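Sequential numbering of the sequence shown, starting at 0, is according to numbering that gives the first Met the number 0.
Scroll down for the structure; my scribbles are underneath it.
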Amino acid sequence: MIYEDYNAFCASLPATSHVVQWGGAHVWKVGGKVFVIGGWNKDQPSFSFKVSHIAYEMLQEQPGLRPAPYLASRGMKWIQHYEAPGLSDEELKDYIRESHHLVAQGLSKKKQRELGLLE
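Now the structure itself:
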C-alpha cells in the first residue's frame with residue numbers, strides 16, 4: 000500500500016483526524032488517540048497499528064511484520080508492517096480498521112457518543 004492509498008483509507012473511517020509528526024510520519028487518530036502510524040521506514044512504506052493480544056502473538060513472527068518499534072517495547076500490542084511479504088493491502092486495511100475499533104472502544108462512552116461512534 001502506498002501512502003496516498005493509506006491516507007485515503009484512514010480518512011474514510013469514522014471520526015478520524017490526521018497529523019504529520021514524529022519526523023514526517025502520517026499519524027491517524029480517533030478521538031485524539033493514535034490508531035495507526037505510517038512512516039519511519041525510508042526504503043518503503045511501513046505501517047504500525049494496534050492489535051489484540053491474540054493477533055499480536057500470531058503476527059509478530061510473520062515475515063515482513065514485527066513488534067512495532069518503541070510502542071511494543073513499552074508493553075503495547077502494536078505490530079509494524081515494514082517490508083514484503085508482510086500483509087496484502089486488504090489484510091492491512093482489515094487490521095487498520097480493527098485498530099481503529101480497538102482504540103475507539105478505549106474512549107469514554109461520552110466521547111464515543113460525541114464522535115457518533117455509538118448507536
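Every residue, glycine too, gets a C-beta built ideally from N, C-alpha and C.
On a predicted model such as this, the values are computed, not experimentally measured, just so you know.
Would you mind stating whether residue i and residue j have Cβ atoms separated by less than 9 Å?
{"i": "residue 69", "j": "residue 44", "result": "no"}
{"i": "residue 46", "j": "residue 35", "result": "yes"}
{"i": "residue 114", "j": "residue 14", "result": "yes"}
{"i": "residue 138", "j": "residue 78", "result": "This structure does not reach residue 138, given that the chain is present from 0 up to 118, and the question cannot be answered."}
{"i": "residue 22", "j": "residue 106", "result": "no"}
{"i": "residue 94", "j": "residue 67", "result": "no"}
{"i": "residue 100", "j": "residue 9", "result": "no"}
Check the DSSP bridge columns for residue i and list the partner residues they point to.
{"i": "residue 80", "result": "46 and 64"}
Excluding the 5 residues flanking residue i on each side, which residues of the same chain have their C-beta closer than 7 Å to its C-beta?
{"i": "residue 2", "result": "25, 37 and 44"}
{"i": "residue 52", "result": "76"}
{"i": "residue 83", "result": "63"}
Just checking my contact of residue i with residue j at CB under 8 Å: how many whole Å lie between their CB atoms?
{"i": "residue 49", "j": "residue 76", "result": "6 Å"}
{"i": "residue 16", "j": "residue 28", "result": "5 Å"}
I'd like the list of long-range same chain contacts for residue i, defined as Cβ closer than 8 Å, with 5 residues on each side in sequence excluded.
{"i": "residue 108", "result": "117"}
**OP:** Let me know the alpha helix (DSSP H) ranges lying completely inside the stretch 14–74, each 4 residues or longer, listed in chain order.
**Re:** 52–58
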